[in-house]
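Peer 1: Supplied in structure tokens, the structure appears directly below.
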Amino acid sequence: MWFTAFRVRLLFMLEILGMIFLTSVALLSPGWMKSNLIKNSQGVPQLAGLQLHTCADANSGANKGDPNYCKPWYKDQRWWEQVAIVFLSIALIVEVIAFVSTFFTFFFFCDTPMSNIMLPVLSLIAATFLFLAVASYAINGIVKMVAATNDWNYEAAKLLNQGMKELSNGYNFYTVVLASIQGVATTIVGSAVINAYNREYNEIMARRALRNLTIGTVTLIRIKL
């Protein structure tokens with residue numbers, strides 16, 4: 001039967017690797033938002049957003065060795081961007097934990113009921129934080145920009161609204177949306193691991209019980225003879 005715990009667990013591990021890749025891309029590359037008003041020398045719309053890579057690049061260059069460099073960078077982010085960064089970081093950590101757990105179960109035969117139960121739980125937690133990151137960035141970003149018009153005059157509000165029309169979500173936004181959807185699919189696969197494991201465990205226990213019953217019956221017959 002193809003639907004074995006070994007094969008489904010391998011599929012789960014590949015799914016988690018995909019989530020780790022997508023989440024890492026969202027954290028370490030620009031592209032959460034793009035503006036058609038601001039373009040580079042090639043005429044490509046300028047990308048903006050969380051840009052965690054800015055902190056990483058600067059920290060590896062002139063500021064290498066300064067652990068405090070990322071603190072002012074983080075404080076410069078708008079609060080909903082800070083929330084998105086935290087949620088994405090938590091999701092990535094949970095994904096890595098899920099992958100490591102699956103790796104040890106897969107290659108070192110640490111196959112226990114608890115290790116299998118944790119697989120869909122961890123993937124669901126990661127998917128939840130990914131969804132919260134997307135929701136926080138999308139909802140608060142739009143709400144705060146619209147609310148800013150209340151403090152400006154009509155012309156300023158008109159310019160802001162025009163600028164907002166030129167803003168659109170970048171590829172990283174949809175990358176996290178895809179990662180959260182994949183997280184749901186991974187949770188389903190993780191649940192399939194539990195079902196396959198329980199089925200195989202019950203089959204093993206049934207064969208063991210039948211063997212013990214057979215041995216006991218044969219022993220009893222020999223004693224009577």
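Residue numbers for the sequence shown follow UniProt numbering, so the first one is 1 and each next one is one higher.
Even for Gly, the Cβ is constructed at its ideal location relative to N, Cα and C.
Treat the numbers as computed from the prediction; the structure is a model and nothing was measured.
(1) Mind checking whether residue 16 and residue 116 have CB atoms under 7 Å apart?
(2) Go through its chain and collect everything with a Cβ distance to residue 175's Cβ below 7 Å, but skip five positions before and after it.
(3) For residue 211, I'd like the list of residues in its chain whose CB is within less than 8 Å of its CB, leaving aside the five on either flank, ordered along the chain.
(4) Restricting to Cα atoms, I'd like to know which of 138, 125, 10 and 128 is closest to residue 103.
(5) Is it the case that the Cβ atoms of residue 178 and residue 12 are separated by a distance below 7 Å?
(6) On the premise that residue 94 lies in contact with residue 122, defined as a C-beta separation below 8 Å, what is that separation, rounded to the nearest angstrom?
(7) Compute the distance between the beta-carbons of residue 185 and residue 130, then report whether it is under 7 Å.
(8) Is residue 113 helix, strand or coil by DSSP?
(9) Please say whether residue 200 and residue 5 have beta carbons closer to each other than 7 Å?
Peer 2: The structure says:
(1) Locating residue 16 in the sequence shown gives position 16, counting from the first residue. Locating residue 116 in the sequence shown gives position 116, counting from the first residue. No, they are not a contact pair.
(2) Taking the first residue of the sequence shown as 1, we reach residue 175 at position 175. If we look at residue 175 and ignore the five residues flanking it on each side, its Cβ neighbours are 22, 25 and 26.
(3) Here the question's residue 211 lines up with position 211 in the sequence shown. Hits under 8 Å: none found.
(4) Sequence index remark: in the sequence shown, residue 103 carries index 103 (1-based). Closest option to residue 103, Cα to Cα, is 10.
(5) Within the sequence shown, the letter at position 178 stands for residue 178. Within the sequence shown, the letter at position 12 stands for residue 12. No.
(6) Mapped onto the sequence shown, residue 122 falls at position 122. Mapped onto the sequence shown, residue 94 falls at position 94. The pair is a contact, with the Cβ atoms about 6 Å apart (cut-off 8 Å).
(7) Reading the sequence shown from its first residue, position 185 is the one you call residue 185. Reading the sequence shown from its first residue, position 130 is the one you call residue 130. Cβ atoms of residue 185 and residue 130: not closer than 7 Å.
(8) Along the sequence shown, one-based indexing puts residue 113 at 113. Helix at residue 113.
(9) Here residue 5 is taken as the residue at index 5 of the sequence shown, counted from 1. Here residue 200 is taken as the residue at index 200 of the sequence shown, counted from 1. Contact: yes.
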